[in-house]
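The numbering of the sequence shown is this note's numbering, which starts it at 21 and goes up by one.
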Amino acid sequence: MARDPKARFDRWRAMAAESSFTGWSGWPSYVSITDRRLVGERHAAELRRTGRRLAPVVPKTRSRALARTFWGRAWCDNLAAYAALANRLERGRRYVRNGLVIDLQIQPGAVAALVSGSDVYEIRVAIKPMPASRWKALVRGAAGRIESVVELLAGRFDEGVMAHVCHQGTGLFPVPAEISYRCTCPDGSGGGWLCKHVGATLYGVGIRLDEDPELLFRLRRVTATDLVTHATERLTTASSGKSGRRSIAPDQLSSVFGIELDAASHGGTREPRARSGRSAGNGRGKPERPARTSRTD
């Protein structure tokens, strides 16, 4: 049975609009940004009527970076390092900037999104779990250098830790070989080809990290508190070891636990107390003998 001619034409038009295919005039059939937004808005309205909760990606800045916070920018910078994918990623960036990602959900090891074009396409990105050996090395490298989970999620730590955490291949961010994706558009339906809708999804993750940076640890299937817990354990072990027992420096305690310690806790010098029975004026430091009393019979 022959395929419906109208359906064939609609498919060709979608391919012309969303990929590099051209029409009879030699130019792709263009769908304006306004029309793409309308397609997305109508689809989103239909989904909401069914009770589905959507989480659209809305950039909060007009700068080229898209993201505003440390983790969001670091994620986007990591994407920019994928030189072989630069063209598709750049087109995906424009989709994000124009508000065409109508839903994005981050789960452990996966990202699901809906991106609007001439139609609304479903995207699924899978990211391999972070290797245990790599995570342990990252935790060891950051030991004692991150003050708290709050500081970690805010990106407030020294440049050495920052370089360690963000280094491609050994840090927290995935490399291209750890990412697989599939999109329902004509370009991405076969999988393995990064279309602009997948690019928009990946950049959308960076904006989502602006709102909740802990999602990055969830995506990589690791726990943010490990970086701080290991630091605390290391300091405790150093202070209670059997050989070469050392005390924890006060400034270390303050930085790890985020509290101010008083002078007594710092182990500062105290005023020596006079021993009982000792006279303050006795320069030799010997106790005075009690006076003799007369004995009565």
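Virtual Cβ for every residue (Gly too), placed ideally from N, Cα, C.
Using the three-state DSSP reduction, which class does residue i fall into: helix, strand or coil?
i	result
arginine 144	strand
leucine 67	helix
tyrosine 223	helix
arginine 154	helix
valine 170	helix
valine 181	helix
valine 116	helix
valine 195	coil
arginine 57	helix
leucine 99	helix
tryptophan 91	helix
cysteine 215	coil
Quick test of your reading: residue i and residue j, contact by CB under 8 angstroms. State the CB separation rounded to the nearest angstrom.
i	j	result
leucine 247	leucine 236	Leucine 247 to leucine 236, Cβ: 12 angstroms. No contact.
leucine 319	isoleucine 122	There is simply no residue 319 to check, as the chain begins at 21 and stops at 317 in what is shown.
aspartate 139	valine 59	7 angstroms
alanine 87	glycine 226	4 angstroms
arginine 165	aspartate 178	6 angstroms
Give the DSSP bridge partners of residue i, in chain order.
i	result
isoleucine 126	Val131
arginine 202	Arg144
valine 242	Paired residue(s): none; valine 242 is not in a bridge.
serine 136	Val140
valine 121	Val135
Within a Cβ cutoff of 6 angstroms, which residues of the same chain sit near residue i, ignoring the five residues on either side of it in sequence?
i	result
arginine 62	none
threonine 204	Tyr141, Glu142
proline 194	Ile147
alanine 162	Val181, Leu247
tyrosine 102	Pro196
serine 200	Ala146
Ordered along the chain, which non-local residues of its own chain (more than five positions away) have a Cβ less than 8 angstroms from that of residue i?
i	result
arginine 108	Leu214, Cys215, Lys216, Val218, Gly219
arginine 241	Pro128, Gly129, Pro149, Met150
lysine 80	Arg88, Ile227, Asp230
alanine 244	Val169, Leu172, Leu173, Glu234, Phe237
Who are the near neighbours of residue i in its chain, counting only those whose CB is closer than 7 angstroms to its CB and skipping five residues on each side?
i	result
leucine 67	Leu74
glycine 224	Val77, Val116, Val121, Leu124, Ala133
glycine 92	Gly226, Ile227, Leu229, Asp230
alanine 64	Leu74, Ile122
isoleucine 126	Val225, Arg228, Leu235, Arg238, Leu239
The segment 186–194 in contact with the segment 98–106 per 3-pair CB rule at 8 angstroms: yes
Any 3 or more C-beta pairs closer than 8 angstroms across the segment 215–222 and the segment 107–121: yes
Inter-stretch contact (C-beta, 8 angstroms, three-pair minimum) for the segment 130–137 and the segment 152–172: In short, these stretches do not touch, since the Cβ pair count stays below three.
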